[in-house]
Every structure is written in structure tokens, then in C-alpha cells.
Amino acid sequence: MNAPNAPGATIDRDRQRALARALRTVLPRRGLLYREEDTRPYECDALTLHRRLPMLVALPETGEQVRRVLRICHERGVPVVPRGAGTGLSGGCTPLPDGVLLSTAKLNRVLRIDPLARTATVEPGVRNLAISEAAAPHGLHYAPDPSSQIACTIAGNVAENAGGVHCLKYGLTVHNVLRVRGLTMDGEVVEFGSEALDAPGLDLLALVIGSEGMLAVITEVTVKLLPTPQFARCVMASFGDVVTAGHAVAEIIGAGLIPAGLEMMDQSATRMVEPFVHAGYDLDAAAILLVEADGTPEEVEDQIAQVTAVLRRAGATRVAVSESEAERLRFWAGRKAAFPSAGRVSPAYYCMDGTIPRKRLGEMLLAIQEMERKYGLRCPNVFHAGDGNLHPLILFDDSDPGQIARAEAFGVEILELSVTLGGTITGEHGVGLEKIMQMCNQFTPQELERLRAIKRAFDPSGLLNPDKAIPSLHRCAEYGRMKVVGGKLPFPELERF
Ligand SMILES: Cc1cc2nc3c(=O)[nH]c(=O)nc-3n(C[C@H](O)[C@H](O)[C@H](O)COP(=O)(O)OP(=O)(O)OC[C@H]3O[C@@H](n4cnc5c(N)ncnc54)[C@H](O)[C@@H]3O)c2cc1C
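For the sequence shown, my numbering assigns the number 43 to the initial residue and increments by one for each residue that follows.
See below:
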């Protein structure tokens, strides 16, 4: 199931014209883009290191139009790359020059809010924040809150199993979705999960969540809604060194506390953000933690008292608690604006997404400081610390090929260290194109083959988002970092590599 074309290949204009003629019959007016000036905005997601122009961009407005586009492409052997808002950070919707980029952004209706069942059923292009906005009159909200929530779509969230600041307490996308409806590459309807607590047959819901657009095109999602907390306060704690801050995170969780949010920023990150957002961060601290408590006023006061006691015992040099809702929002505004702030101080940034055991956060930060010296690039760090999920932001100049190469090598070293420290190469941004080769370190060839077998079960033609997330064993062998258990390759034909 190799990619049906080589990245960087040029667009075959005759094929493009013939396919455009067929697709135009099933798409609305202005629902098909083919001129370079129109397709250019779709050449990448927020991982701008990888860019490829699609042959065509299809912008359907209904599920039936999506189905008909898929059928036409399937019949003609044309690969399809699904796309939501394009805010992904791993190149998951990077298009193919001989393929169709299928955007579901225009399927953007909230179909049903059921306040009694506490669910919302929405089309795939509904923005994450729009779900909470629609549910707010009922005192409900959709809990997973990626920092990109004003733009990213629910289908993109499902496809990446997106997380956010409040996922420590309320769970990731996978814990907050009840049912996903989609279409396979040949246009067949598939449904995962149900609106009930259990579904008949094998429970494949978790399989489609995080499947990076490779199993089915999502056309409808039912999510759980939770009561909006009455009250929240946020603690900002300062630390004199990053290792102590990292240990404090482990101490909080170890004390049996599950804050609504538990985030960490190092000094390089607070100093980058502060001039932009004026969040009131302690710029002398080597690292700060933001810890949120939510619930009834009594629950919040009780948890704040416990959290501040643990933080002080763990070595915090300063502890400040938000005194108003405006101050709480200001503390978070700084954290949520970390990525845009990076864009403000550097021509480009490369956001990494490894996950490591919480107790090893400090160790990782020290290693990253070493890597900054080795590669000659700055790297502010923000973390979903409670989840052990790192977001090092490698700053570089994308007009300088040397810096691009160093940024990529820096990123690979962080991911490999994440695996060595007992973690994983992705926390919430997916594998996409970006980390596909690190899958060779993370998984054995047998495990990768099982993942490919799942892909084949849903997409035997291998046409749906074909060159993402699961590397072929030959690519791993060429990469030279095949994870081998027991000292022997399981597939004898690979021994020659
Ligand atoms: C500033 C910024 C902050 C961010 N913060 C966070 C964060 O806190 N937490 C987090 O988890 N992520 C974060 N992200 C990453 C990104 O926003 C998420 O991965 C998000 O889920 C992507 O949604 P999207 O609609 O933009 O999807 P896209 O980028 O368009 O696509 C992402 C993947 O979903 C697939 N896909 C899209 N639509 C469909 C569909 N209809 N059917 C099947 N597959 C589909 C694509 O093929 C691709 O593999 C951030 C990104 C930015 C730029």
C-alpha cells in the first residue's frame, strides 16, 4: 500500500481536466477548485514544512455530495485526502499532486442538541468552539478544548484524537465522542459507536478516533456534552529550575488531585508570550505551572488549598491564585497564545508533540536545552504537563535551508528521546507525514503490519489519505531504525536491507 504517487510529482493536466469534468456534475457551483491560485491555500496544514499542490480541491456541502465524489475517485483510482480546517500540525491533510483534496469544512450545521441526553449531533465541518456555543443556552459544553478551537473542525478533532488544556480532567476526544458516521473510499456508509452507552458488535469507535483520515471520511459526529462548571480559579506557581517544576507536576497527580488543567511553560516561553498577551507571568521563574480547579465554589476553594500546599512543598518560589474571572482568563490567554507568539518572534516554528512519563519532564527539558546549543536554534517549551505531553516550539528561519534541516533534525531527536524515556512520538497532533518515520522506532514490524491490515480492511484500494501515518516496512528498513524484538527481523525478505 505504497503512496500512489511520489511526493513532489507534478500535476497531470489531462487527468485533471477529465476528473474535473466528472466531479463538476456532483458538486455545487464553486465547489471545485483547479486553478493554482485557488488550490494554493490548500497546499499544507499548519505544518508548513511540507507543501504539495493538490490536483483538485472538492468542496461538497452535503454528505451525498461527499459520497459521490468518493465514488468517482474510487472508480478512477484517484487518491483522496480529507481536510477540515487545515490547522493540523503533522501534515495529516497535506494533499497529493495526483489526488483530490476533499474538504468537509462546508458541512457545518449543528444538527441536534439534546439537553436531556446531553449530546450534540453535528456535521463534520462544525468548529470545536461552535459546539459549546450552541450548547451554552442549556448550561452545557463540549469539553475537549484544543488551543485552535476557534478554527478546527470536529472531524479534524476526531481524526487526530485532539486534546486540550481541560483534557486532563475531562478526557480527550476519544472519551467525549459517542458515535461517528462516515463513508469509506468506495462510498459505503460506516457507523462507529452509538448514542447509547454501548453498541452491538465489536466496539470500533476508538479505531476511527485518531485514524487520521485513512479509514473513512467522517460525515457526522455525536458528542457528549457536560454541564458547564459553575466556577473556576487558576493557580500560577513559579519555580527556580525546570526539574523541580517537572517533579511538582508528578506530586500533584500523586496526591490524588485531578485539576481541570495542569500546564507548564518554561522561561523562554513565558518571555516570548508576555509582550504579546500581558498575561502577568513571572518572567524571573525558570518555569511556571498553571493549575486550574473548577466545580462549585466550595469544591474549587478546597482544591485550590490542596494544590497550593502541594506546590509549596514541591519547591514553588511563588504561588498566585486568580482573584477574578478576568485574571483567570488572562493566565490562560498567555498559554493559549503560545503558538501565535512563536509566529511573532520567528519567521517559522516547528511544534513537536511527544508524550513522556510526567516524572521525566525535567529530564527532557534539560536535554532540550542541550539540543538548543547543538543545533543553534531556540526552543521555548509549553506542555500539557498533567498528560506529560510536550510542545517544544523550535524557532527557525524557513528561508534558510540550513536552518530547516537543523530544525527537522532537532525535532527527530526530541521524538526519539521521548520513546527512550518511555513515552510516545505523539500526544495529540497525530503522525501524518511529519512523524511517519518515527513510527519505525515506536512499533515493531509486526505491529506496523497489523496497523496496515486494519487500513486494508477499510480501504482495500489504499486510496484514502494513502501516504500518512503508517510507514511501509521497506521505508522503515531504508530509514535504518527498525525496531526489532529478539534480534531478528520477522520478515525474512527484509534481511537484505
Ligand atoms: C495554534 C494551534 C494550536 C493547536 N492546539 C492544539 C491543541 O491544544 N490540542 C490539539 O490536539 N491540537 C492542537 N492543534 C492541532 C490541530 O488544531 C488539531 O489537530 C485539530 O484537531 C485539527 O482539526 P482540523 O479541522 O484543522 O483538521 P485538519 O488539519 O484539516 O485535518 C487533520 C486530520 O484530520 C483528517 N480529517 C479532516 N477532516 C476529516 C473528515 N471529514 N474525515 C476524515 N478525516 C478528516 C485529515 O485528513 C487530517 O489527517 C493546534 C493547531 C494550531 C495551529
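Glycine residues also receive a C-beta, built at the ideal position from the N, C-alpha and C atoms.
A quick note: this is a predicted structure, and the numbers were derived from the prediction, not measured.
So for VAL207, helix, strand or coil by DSSP?
coil
If you compare alpha carbons, which of PRO513, LEU506, PHE318 and LEU437 is closest to VAL473?
PRO513
Closest to ALA356 by C-alpha separation, out of VAL319, GLU367 and LEU331, would be which residue?
LEU331
Quick check: what's the CA-CA separation for LEU407 versus VAL285?
8 Å
Beta-carbon separation of LEU435 and TYR391 under 9 Å?
yes
How far does the alpha helix (DSSP H) with TYR392 in it reach, from first residue to last?
It is not in any alpha helix (DSSP H) - TYR392 instead sits in the beta strand (DSSP E) that spans 390-393.
Should LYS510 be labelled buried (16 or more other beta-carbon atoms within 10 Å of its own) or exposed?
buried
Rounded to whole angstroms, what is the Cα-Cα separation between ARG63 and ILE478?
34 Å
Which residues mark the beginning and the end of the alpha helix (DSSP H) in which PHE373 is found?
367-378
In three-state terms, what does DSSP make of ARG355?
helix
Where does the unbroken beta strand (DSSP E) through GLU423 begin, and where does it stop?
This sequence places Asn at residue 423; Glu is not what is there. It spans 423-426 - the beta strand (DSSP E) in which ASN423 sits, taken as one unbroken run.
Pick from VAL222, THR350 and ALA204: whose alpha carbon is nearest that of MET547?
Residue 547 lies beyond the range of the chain shown here (43 to 539); nothing can be said about it.
Per DSSP, which residues does THR129 bridge with? Please list them.
Note: THR129 sits in no beta bridge, so no partner.
Below 8 Å on the Cβ atoms is my contact criterion, and I expect LEU475 with MET481 to pass it. Report the Cβ-Cβ distance as a whole number of Å.
Rounded, the Cβ-Cβ distance is 11 Å, inconsistent with contact.
Please classify GLY181 as buried or exposed, where buried requires at least 16 other C-beta atoms within 10 Å of its C-beta.
exposed
Spatially closest choice to ALA290 from ARG400, LEU171 and GLU175, by CA coordinates
ARG400
Run the proximity test for PRO513: is its beta-carbon closer than 8 Å to any non-hydrogen atom belonging to ligand 1?
no
Alpha carbon to alpha carbon, how far is ASP501 from GLY376? Give it in angstroms, no decimals.
42 Å
Check whether the region 219-231 touches the region 83-96, taking contact to mean three or more Cβ pairs, one atom from each stretch, closer than 8 Å.
no
Sort out for me which residues DSSP pairs CYS276 with in a bridge.
GLU334
Which term fits GLU79, buried or exposed, when burial requires 16 or more other beta carbons within 10 angstroms of its beta carbon?
exposed
Is it the case that the Cβ atoms of PRO124 and PRO102 are separated by a distance below 9 Å?
no
What is the DSSP secondary structure of GLU405, counted as helix, strand or coil?
helix
What are the residues that DSSP puts in a beta bridge with ARG431?
Just to set this straight, residue 431 is Asn in the shown sequence, not Arg. Note: ASN431 sits in a beta bridge opposite THR397 and HIS426.
When DSSP labels each residue in this structure, what does THR350 get in the three-state scheme?
helix
Do you know whose CA, among ARG448, PRO157, THR104 and ARG94, lies nearest ARG415's CA?
ARG448
Run through DSSP, which three-state label would PHE485 get?
coil
On the DSSP bridge list, what partners appear for MET306?
LEU331 and PHE425
Name, in chain order, the residues that DSSP records as bridge partners for ILE260.
GLY224
Given this structure, state the Cα-to-Cα distance separating VAL232 from GLU262, to the nearest angstrom.
11 Å
Boundaries of the alpha helix (DSSP H) in which THR462 is found, first to last residue:
443-462
Inter-residue CB distance, PRO422 and ASP344 (contact presumed, cutoff 8 Å)
Between ASP344 and PRO422 the Cβ distance is about 34 Å, and since that is not below 8 Å, they are no contact.
With a threshold of 6 Å on Cβ separation, who are the neighbours of ARG57 within its own chain once the five nearest residues in sequence on each side are excluded?
none
Measuring only the C-alpha atoms, how far is GLU537 from ALA519?
Low confidence applies to GLU537: its pLDDT is 47, below 50, so where it sits in the model is not reliable enough to give any reading.
How many Å lie between GLY119 and SER503 at the Cα?
8 Å
beta-carbon ASN507 near ligand 1 non-hydrogen atom, thresh 8 Å
yes
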